[in-house]
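Mapping the sequence shown onto the UniProt record's numbering, position 178 (from 1) lands on 178, and the numbers just tick up by one.
All residues carry an ideal CB built from backbone N, CA and C; glycine is no exception.
Predicted model only: the values in this text are computed from it and were never measured.
Report on one structure; see the data block that follows.
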Amino acid sequence: MDWGSLQAILGGVNKHSTSIGKIWLTVLFIFRIMILVVAAERVWGDEQQDFVCNTLQPGCRNVCYDHFFPISHIRLWALQLIFVSTPALLVAMHVAYTRHEKKRRFRNGEKIDIEELKNEKIHIRGPLWWTYTSSIFFRIIFEAVFMYVFYYMYDGYQMPRLVKCDAWPCPNVVDCFVSRPTEKTTFTIFMLAVSGICMTLNLAEFSRMSYPEKALVPTKEQGITNTVSASEAGQKQRVLVKSGMKGFLGGTSRSWRRQTGSL
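This is the structure we're talking about:
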């Protein structure tokens with residue numbers, strides 16, 4: 001699988017993510033994709049080859065391996081990363097569509113935010129807010145589903161050293177030994193822990209997006225109220241300045257008259 005292409009695509013999503021979303025992408029790149037590519041694939045590389053059973057019956061070892069490990073951990077983790085990353089790709093597609101529409105409206109002579117268009121920064125509001133929030137929700141669902149699938153499919157998160165198999169065509173109950181069970185258990189727990197961290201970050205970001213601060217996106221009514229308040233404050237300030245000037249000029253005039261009368 002070409003993980004570099006996936007990393008390049010998700011890197012573009014980083015520009016349009018919140019602070020928590022950027023942390024989630026960092027954890028996804030470093031502690032999931034890199035670990036999966038660099039270390040985990042080597043640990044599980046000899047998985048079926050070193051699965052040894054104490055029988056010479058043809059086909060027994062393959063059947064037992066398929067019974068206890070229907071899907072390889074590596075392939076299931078890769079499938080999990082694809083499902084978890086897909087909602088983020090939908091956000092990137094929505095951002096690209098929004099930017100294309102703004103450029104088209106600008107070419108047609110409509111007034112738009114030029115600085116926003118130059119900086120290629122799209123604010124998360126309106127339809128994009130729904131897309132972004134929905135992507136976080138589905139990421140949470142996918143993480144939870146795959147954690148349950150791991151537990152259900154492998155009967156727990158610990159890799160056994162010895163399994164007993166009586167599936168056909170084995171002549172009787174045979175003992176099968178798993179290669180490097182402790183190392184595989186460590187990697188499994190680590191990947192599940194990182195998955196839990198990603199789920200926690202998604203929950204925190206979903207809570208933040210569900211209750212946005214109103215001050216960040218002022219409504220039209222708030223803008224009108226702020227404008228009126230500023231106008232009233234300016235008028236009051238001008239009235240106070242005029243009153244102070246009149247008092248100062250009146251006091252100066254009276255003082256000049258008294259001095260003239262005394263002369």
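Taking 7 Å as the cut-off, is the C-beta of residue i nearer than that to any heavy atom in the ligand GDP?
i     : result
Phe51 : Within the structure as shown, the ligand GDP is missing, as the structure has no ligands at all.
Look up residue i in the DSSP assignment and say whether it is helix, strand or coil.
i      : result
Val52  : strand
Val149 : helix
Phe177 : strand
Cys170 : coil
Ile20  : helix
For residue i, I'd like the list of residues in its chain whose CB is within less than 6 Å of its CB, leaving aside the five on either flank, ordered along the chain.
i      : result
Met153 : none
Pro181 : Met159 and Arg161
Asp166 : Val173
Val38  : none
Once you ignore the five residues that flank residue i on each side, which residues in its own chain have a CB closer than 7 Å to its CB?
i      : result
Asn54  : Val174 and Asp175
Gln158 : Thr185
Cys60  : Cys53, Pro169, Cys170 and Val174
Ile197 : Val27
Asp50  : Ser179
How should residue i be labelled, buried or exposed, when 16 other C-beta atoms within 10 angstroms of its C-beta is the threshold for buried?
i      : result
Trp168 : exposed
Trp130 : exposed
Met93  : exposed
Ala78  : buried
Tyr148 : exposed
Ser195 : buried
Glu183 : exposed
Leu81  : buried
Arg75  : exposed
Leu56  : exposed
Val95  : buried
Ile33  : buried
Tyr211 : exposed
Compare the Cα-Cα distances from residue i to each of the options and report the closest residue.
i      : options                          : result
Phe69  : Phe190, Phe150 and Thr133        : Phe150
Cys170 : Val63, Val145, Met209 and Gln158 : Val63
Ile136 : Leu203, Cys60, Tyr65 and Phe29   : Leu203
Leu192 : Gly21, Gly126, Thr18 and Leu36   : Leu36
Ala88  : Leu28, Val38, Ser207 and Met34   : Leu28
Lys189 : Trp44, Gly156 and Met209         : For the sequence presented, residue 189 should be read as Ile rather than Lys. It is Gly156.
Glu205 : Phe146, Arg139, His67 and Gln49  : Arg139
Val84  : Ser134, Ala40, Thr18 and Ser207  : Ser134
Gln48  : Leu201, Phe31, Val178 and Gly21  : Val178
Phe187 : Ser19, Phe31, Ile20 and Ile23    : Phe31
Lys22  : Leu201, Ala144 and Ser210        : Leu201
With a threshold of 8 Å on Cβ separation, who are the neighbours of residue i within its own chain once the five nearest residues in sequence on each side are excluded?
i      : result
Lys164 : Val173, Val174, Asp175 and Cys176
His67  : Cys165 and Ala167
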